[in-house]
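Residue numbers for the sequence shown, in the working numbering: 4 to 221. Yeah, the Cβ is synthetic: ideal placement off N, Cα and C, and Gly gets one too. A short write-up of the structure that comes next.
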Amino acid sequence: MLPWLPENISTYGGDIDWLFRLIFWITTIVFVGVQGTFLYFLFKYRARPGHKAIYSHGNNTLEIAWTIAPSVVCVVLALLSRATWDEIKAEIPPVDVTVRVYAKQFNWDFIYPGPDGAFDTDDDLTIENELNVPVHKVVKLEMLSRDVIHSFFVPVLRFKQDTMPGRQIDGWFEATKTGEWEIPCAELCGFGHSGMLGYLKVHSDQDYAAWVAKRWSK
Ligand SMILES: [Cu+2]
């Protein structure tokens, strides 16, 4: 229906896309309606001989109506998105893999906890701009920033989260397809912002096990 959306490889991406489409079509219909009315009125009330300009000083009934109508739409949208918000933001399902993400000007540091599963130990491994994860597994991200506000964005996962200095924000995703996709920074963070680009590498179980074995063999 919206063919320009990026591919979706996330378990919850379909829910996000459904909400996106709903909001997109509501705003599109309102936009066309408002602009169409403007154009019609421009024509209908144009200056021409024999017509005097009318000065209008507002209409309370109309103003109340066009304040309440969008408010109702917003409340309905909030109620409709509630379940999706809860699914993605409120709770993290049982975690298979945890990776720490440190954003910095102008790279993504991905810190893997290693075989002991704990961070800040000797077997931690930091890889710049490369997030390696297994397919069909719940990946938890602990997101932080070393300097300014960045935004960790993986369009194909429908995942976007600001990273804040001095504050850890957790998120999660489950990829449904193997492959490699871009991780741009979506928050203007300085002169190198446009070049701040990492890659998500989703491996099959076998490939992931091989990657782990290679990385922690020594
Ligand atoms: Cu950035």
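Between PHE27 and LEU45, the C-beta spacing is not below 8 Å.
Proximity of the beta carbon of MET199 to ligand 1 is indicated: a heavy atom of the ligand is located closer than 7 Å. DSSP places ALA86 in the helix class (H, G or I) of the three-state scheme.
CA-to-CA, the gap between ILE172 and ASN132 works out to about 19 Å.
Going by DSSP, LEU22 is part of the alpha helix (DSSP H) stretching over 16-47.
When rounded, the separation of the alpha-carbon atoms in PRO73 and THR30 is 11 Å. Secondary structure of HIS206 (DSSP, three-state): strand. Bridge pairing for TYR58: absent [DSSP].
In summary, PHE113 is buried, with 16 or more beta-carbon neighbours lying within 10 Å of its beta-carbon over all protein chains present. Unbroken beta strand (DSSP E) runs of no fewer than 3 residues, entirely contained in the stretch 113-162, are found at 128-131, 133-137, 141-148, 153-157, following chain order. In the structure shown, the three-state DSSP call for ARG170 is strand. Beta bridge pairing from DSSP links ALA106 with TRP111, SER148. Between LEU128 and GLY120, the gap from beta carbon to beta carbon reaches 8 Å or more.
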